[in-house]
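Everything below concerns the one structure shown next.
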Amino acid sequence: MTPNPQQQEVVDHFEGPCVVTAVPGSGKTASVTMRTARLLKRGVNPSSILSITFTNKAADEMRSRITKEVGKIAEKMTICTFHSLCVRMIREHAEFLGYTRKFSIYDSEDQWRAIKGATSKILGGEDEHPKVPDSYFYEVLNHIEGRRNADVGLERALERWPLVNEQLDVVEEYYRELKRCDSIDFTGLLSEALRLLRARQDVAEKYQMRWRFISVDEVQDTNIAQYEIIKLIGAHGNVMCVGDQDQGIYAFRNAEPENLASFERDFKARSLKLETNYRSTPQILERAHALIVNNESRKDAELKTGNSDGPPPRAFVFENDMFMAQWVAKTISKMIEFGESPKEIAVFYRVNFVSRILESSLRHAHIPFQVYGDVGFFRRMEVKAALAVLRLLSNPNDKTAFETVASMCCRGVGPKTCMQVYQISEDDNCSIVKAVQKVASRGGRMAKTLGAFASRFNPKEKPYDVLSTMLHKTSFADTITKKSTPDNDRLANVKELILEVQQHMASGGTLEDYLQFVSLLTSQDDKDDRGKVKLMTMHKSKGLEFDNVIITHANDEIIPHRKSYSGFDDEQRRKQMEEERRLMYVAMTRARRRLLITSCKLASKRTYLPSPFINEAGVRIFEK
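Take the sequence shown: its position 94, counting from 1, is numbered 94 in my numbering, and each next residue is one higher.
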């Protein structure tokens, strides 16, 4: 690629703080990659370069591009996500935070189970209190996640995510439980790394000296905790932040689109812009820009392109969602008939529940499709159970892993047996696996099963051999085989995992490395090269592009979501509405050549008006 003048400024930037505002499709990844390669060619030590990306997939792509430019020297750079970076820092200094270097990383399911366990412990168990509604647990979870991401104290957190006194006790018990299990949940990786950097100035200075050149992508999607980490490891000021406030769509995860402006102000950074879009037609960009200029808080960036003209974006209003879904299927069929590749066609929607009727229509039309970001390989029930075996082998204090493995491999082991194991573990200050052995030695109905179970966790054996033994010498294989279907051979999936772990360790990797890799995967890291139409939410479309995009259910109270209209003061409503408008903007700018928008008057037994964003964008509406 030959850089344009704006891109060349990014490529040539050497030292000092710099903020790059990059409109959609402006070649920001290529520009930052070329800039990194240029640093290496100027003699910068590759070990002193840190590039933080939004997904593992983006990190792999950047690493591959730089390697093509400069060769194997690129392998010495650090290119990773925020969470991967935090894992690295915590593992290097785990003792300062009260963990071992083999700590487990809890995913959302582990976290949910641990919060429920903490609640039962505080309230006395289900036998002693009424059944707790899920909303109770969500309130606790939102408080934990929000406080960490926003990096605020307890008093401020209670204003934003209020709890009753007993829920505060649950939060504290949850934290204690994580420490007892030598585990950190996903959000905790950020807060614990931040705690480390603040508590240990020597550690912060070590990373400042290690990484002299830092670049951070998608800064508009960072939260306060992530921004504070940037400030601490980038205190030398040699940081390039790249992003676009107009594409900030993760406020519900406590992201702060204003971080881009904050960086420019806090670091007194040089400001560069990438305003030429190489992806979309002028017609699509004109409508997208007409929409986003309605956001008051944005810093204006011009949308330019040298691409040739294409068909104007059009919107269609249908009587109901069934007619709309049938029209979508027919339109896609015609596109494919006239030579469009199915993999270059995508259907976006704001909320997941609307996908059912779209999937049904595509099936009836015999159109191959994939729900993008749906259950990937590592999120399948049997694969997660197999990974729990490996987690327990790595960290014998991991309670959630033990419960998962016991439910699959030990028939008859229930909550009472598990509580007995936990009590011994706590009283004798020993691991979960050791406590299982002690329970087995006392005899009883489950002694033989528990004894056989514990004996198979031999740390001297290869992890993949332990997993293979658990699969074939316990009830594991029988349990998952019964749940297999013609489309999903669960036993084959576990065998595939065993092979992958074996290959990973044969190449010199460790079990902990592998578990870390899996735990940090995101839905956008799932590999998919199959020729299928993609269905996905607008949020999942971020970072992707297609020749043909159809945005469905563009109804008022769906996009913008009805939550944008109620329950907030005027300023909060404005922020919510601007977030929804940015989401529509992101969805529109995924399209290269053709953009169609559909709305319906009746869906899920409710009547709707077309989204006001259609008129704001100046897209012509046709009644169907």
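The beta-carbon is built from N, C-alpha and C at its ideal position, and this holds for glycine as well.
- Annotation for G531: no alpha helix (DSSP H) segment contains it, and DSSP assigns it neither H nor E.
- As for any alpha helix (DSSP H) of minimum length 4 sitting wholly inside the segment 329-362, there is none.
- When the beta-carbon positions are compared, K179 and G237 stay at least 9 Å from each other.
- Nearest to T552 by C-alpha distance, out of F14, A603, L392 and K495, is A603.
- Spatial neighbours of R160 in its own chain (CB-CB distance under 7 Å, excluding positions within 5 residues in sequence) are listed in chain order as G146.
- Pairing F453 with T481 gives a Cβ-Cβ distance that is not under 9 Å.
- Secondary structure remark: continuous alpha helix (DSSP H) runs of at least 4 residues inside the segment 484-520, in chain order: 490-506 and 511-519.
- Annotation: A22 to G310 spans about 23 Å, alpha carbon to alpha carbon.
- The alpha-carbon separation between E296 and K102 amounts to approximately 48 Å.
- Separation of V518 and M89 (C-alpha to C-alpha, rounded to the nearest whole angstrom) is 18 Å.
- Taking a cut-off of 8 Å for Cβ pairs, the segment 39-48 and the segment 186-196 do not touch, as fewer than three such pairs fall below it.
- According to the DSSP secondary-structure assignment, D185 is paired through a beta bridge with Y106.
- Closest in C-alpha terms to E61, from the list H364, G508, R590 and T29, comes T29.
- By the 16-neighbour rule on beta-carbons within 10 angstroms, L303 is buried.
- If you draw a 10 Å sphere on the C-beta of D202, you find fewer than 16 other C-beta atoms in it, and that means exposed.
- Collapsing the DSSP output to three states places D321 in a helix.
- The beta carbon of T100 lies closer than 7 Å to those of A94 and D182 in the same chain, with the five residues before and after it left out.
- Look at R180 here: in three-state DSSP terms it is helix.
- If you compare the alpha carbons of L123, E75 and I184 with that of Q111, the shortest gap goes to I184.
- With fewer than 16 neighbouring CB atoms inside 10 Å of its own CB, G509 falls in the exposed class.
- Contact annotation: R176 and Q245 have beta-carbon atoms that are not nearer than 9 Å.
- Taking all protein chains shown into account, I621 has fewer than 16 neighbouring C-beta atoms within 10 Å of its C-beta and is therefore exposed.
- Burial state of K131 is exposed, judged by a 10 Å Cβ sphere holding fewer than 16 other Cβ atoms.
- Counting along the chain, T53 sits inside the beta strand (DSSP E) bounded by residues I49 to T53.
- From the listed residues I66, V293, E166 and S262, the smallest Cα separation to M584 is found for V293.
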